[in-house]
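The next block holds one structure in the form of C-alpha cells; read it before the comments.
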Amino acid sequence: MNEYDDTGARTIRLTPASKFRPRRVRFLMPGRIPLGEVSLTVGRAGIGKSTFLAHVAAGVTRGTLEGDLAKPAGVAIIATEDSWEYTIVPRLMAAGADLERVYRMDVTEAEIGGYTLSLPADDARLEAAIREYRLGAVILDPLLSALHGQLDAHRDQDVRQALTPLTRIANATGAAIIGNAHLRKAAAGDVLSMVSGSLAFGAVARAVLAFAADDDSGEKVMSLIKSNLSNGDVPDMSYRLEPATIETDDGPAEVGRFHITGAASQRLHDMLTGGDEDRTERDEAAQWLIDYLTDAGGGAPAADVKRDATKAGFAVRTVERARKRAGVVSARQGFGKGASYVWEYDPGNPSSPHARHVRQDTSAGEHGEHDADADTQT
Numbered sequence: 002m003n004e005y006d007d008t009g010a011r012t013i014r015l016t017p018a019s020k021f022r023p024r025r026v027r028f029l030m031p032g033r034i035p036l037g038e039v040s041l042t043v044g045r046a047g048i049g050k051s052t053f054l055a056h057v058a059a060g061v062t063r064g065t066l067e068g069d070l071a072k073p074a075g076v077a078i079i080a081t082e083d084s085w086e087y088t089i090v091p092r093l094m095a096a097g098a099d100l101e102r103v104y105r106m107d108v109t110e111a112e113i114g115g116y117t118l119s120l121p122a123d124d125a126r127l128e129a130a131i132r133e134y135r136l137g138a139v140i141l142d143p144l145l146s147a148l149h150g151q152l153d154a155h156r157d158q159d160v161r162q163a164l165t166p167l168t169r170i171a172n173a174t175g176a177a178i179i180g181n182a183h184l185r186k187a188a189a190g191d192v193l194s195m196v197s198g199s200l201a202f203g204a205v206a207r208a209v210l211a212f213a214a215d216d217d218s219g220e221k222v223m224s225l226i227k228s229n230l231s232n233g234d235v236p237d238m239s240y241r242l243e244p245a246t247i248e249t250d251d252g253p254a255e256v257g258r259f260h261i262t263g264a265a266s267q268r269l270h271d272m273l274t275g276g277d278e279d280r281t282e283r284d285e286a287a288q289w290l291i292d293y294l295t296d297a298g299g300g301a302p303a304a305d306v307k308r309d310a311t312k313a314g315f316a317v318r319t320v321e322r323a324r325k326r327a328g329v330v331s332a333r334q335g336f337g338k339g340a341s342y343v344w345e346y347d348p349g350n351p352s353s354p355h356a357r358h359v360r361q362d363t364s365a366g367e368h369g370e371h372d373a374d375a376d377t378q379t
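Put into C-alpha cells, the structure is as follows:
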C-alpha cells in the first residue's frame, strides 16, 4: 500500500444530475453582482472602488438596488485600510446608508481584543454571523487582508484554499460576498491577469467589476469584465465621484459619493490594456489635428475641425480624445445659445493669458473633473 492509499476512509459517490433542482440566478445588481456568490471589484488606488462599495452597502440597507433583494438587509464590512470614524462611516452617510444595518465585523478571542477575519480559519463563524444578522452582503476591503497569515496570496493553491470555502458560504446563505482588490500597473492583454496576487482571485470569483479612468479625457468607467452567471451583456458605465458634505460632532466633513452618469463613451478594456490600435489611431489623429490647425493659422471652429476630421477618416470621438494629447485648447466664443467653440494650437506660446483662460474655463466640469462634452455646442 502506498502512502496515499486510504481506501478505508474515502469513498467516491456519483449523483445523477436529475437530483439537482435548477434555480434562477439572483442578483444584488442586475447582471453585475450576484447574490449567493463571491464577486470582485478591481482597479487601481484612488479610482473609487471603496466609494462604490459604500454605494452598494447603502442600497442593500435601504432595499433600493434594482436587483432581487426584496427588502432592506444588513451589510458587514471587513476593512483594514480605512478608518471607520474618519472615512467609512462618513462615506456611508453620504451614500444614504441605514447605519443601523451596517456592521463592522471583527473576530474576538476570549478576553483579547478584536482580530481581522482570517480565512479559512473563520469560515464557520462567518457563516453563522451572516445567518444571525440576516446579511444581504459581506464586503472584504481589501480581500487580501482576510486571508490567513500563513497563506501566500501569489500561490493559486493557497488562494483557492481560502476562497473556495467562501463560495460555499455564499451559496449556502444567499449573501453576496464582495472582495476588493488592486490592479498591477503593468498593462496586459487581459484585465483579469492584472489583478494583484494569484490568478486564482479572478478565477474563483463568479463576477468581476473593474474600474478605471481614461488618461486623456478623465472619464471614469465601470465595466463587468467577467461573469459566469449571466451573459455579460451589460454596458460599460461612466461614473463620477461627487463631493458631499456630511455633519459630524466636530463640524462639517467632506467626503466622496459614487454617482453613475450613464453609458460610457469608451471601453475600459482599452484604458487598462493599452488599447494599441485605439491609441495608434489617436496618435495619428493628434498629428492630423496639429497639422490642420497649423495650416489654418493656429485655430478653427470646432464644428469645422470635426467635419473635416470625419472626411479624413477619423471618428469624432477619436479626435476629441486626441485634442488634449495634441495640446489643443478649446475656447468658448459668445454666450448662451449662440456660443460656439474654437480649437486652437499655439506651440510657441502655450502659457499665454488666453491659453490660461481657456484651460480654466473648459478643462473642468461641474465637480472639478474634465468634461469631455464641454465643446459639443458648436
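Under the numbering used here, the first residue of the sequence shown is numbered 2, with each subsequent residue one higher.
Just so you know, even glycine gets a beta-carbon here, dropped at the ideal spot from N, CA and C.
DSSP places K72 outside both helix and strand once states are collapsed to three, so it counts as coil. A direct Cα-Cα distance of roughly 9 angstroms separates R333 from W344. In the DSSP secondary-structure assignment, L184 is bridged to V196. In the three-state DSSP reduction, H56 falls in the helix class (H, G or I).
DSSP, read as helix, strand or coil, puts Q151 in coil. Boundaries of the beta strand (DSSP E) around V222: K221 to S228. With fewer than 16 neighbouring CB atoms inside 10 Å of its own CB, G47 falls in the exposed class. Secondary structure of F21 (DSSP, three-state): coil. Judged by DSSP secondary structure, V103 falls outside any alpha helix (DSSP H) and instead within the beta strand (DSSP E) spanning V103 to R105. Between the region 36-43 and the region 9-22, the count of C-beta pairs closer than 8 angstroms stays below three; the two stretches do not touch. Per DSSP, E285 has no beta-bridge partner at all. Every unbroken stretch of the beta strand (DSSP E) spanning 3 or more residues and falling wholly within the region 236-323 is given here in chain order: 238-249, 252-264 and 300-302.
For V139, the secondary structure class from DSSP, reduced to helix, strand or coil, is strand. Here DSSP, grouped into helix, strand and coil, assigns V329 to coil. E345 carries a strand assignment under DSSP once its states are collapsed to helix, strand and coil. Taking a C-beta distance under 8 angstroms as the contact criterion, A130 and R258 do not qualify as a contact pair.
A straight-line Cα-Cα distance of about 33 angstroms links A316 and M30. Taking C-alpha positions only, S84 is separated from I247 by approximately 16 angstroms.
Nearest to N232 by alpha-carbon distance, out of F21, P23, I34 and P17, is I34.
Between the alpha carbons of D234 and A211 lies a gap of roughly 15 angstroms. When beta bridges are read from the DSSP output, T42 appears opposite N181 and L210. Between D250 and the set E86, P236 and S51, the nearest pair of CA atoms involves E86.
Here the region 126-145 lies against the region 174-188, with 3 or more beta-carbon pairs under 8 angstroms apart. Counting only the Cα atoms, A125 lies some 24 angstroms from L54. In the assembly as shown, K227 is a buried residue. Its beta-carbon has 16 or more other beta-carbons within 10 Å. With a threshold of 16 other beta carbon atoms within 10 Å, Q288 falls short and is exposed.
The C-beta distance from L136 to A74 rounds to 6 angstroms, short enough to fall under 8 angstroms. L225 and S199 have their C-alpha atoms roughly 20 angstroms apart. Collapsing the DSSP output to three states places L29 in a strand. Sequence-distant partners of T174 (beyond 5 residues in either direction) whose C-beta falls short of 8 angstroms from its own C-beta, in its chain, are G37, E128, I131, R132 and L136. Here V76 really is in contact with V103; their C-beta atoms are around 5 angstroms apart, less than 8 angstroms.
Taking H56 as reference, the option from V26, M94, A71 and L141 with the minimal CA-CA separation is M94. In this structure, V196 sits away from P91, with a CB-CB distance that is not shorter than 8 angstroms.
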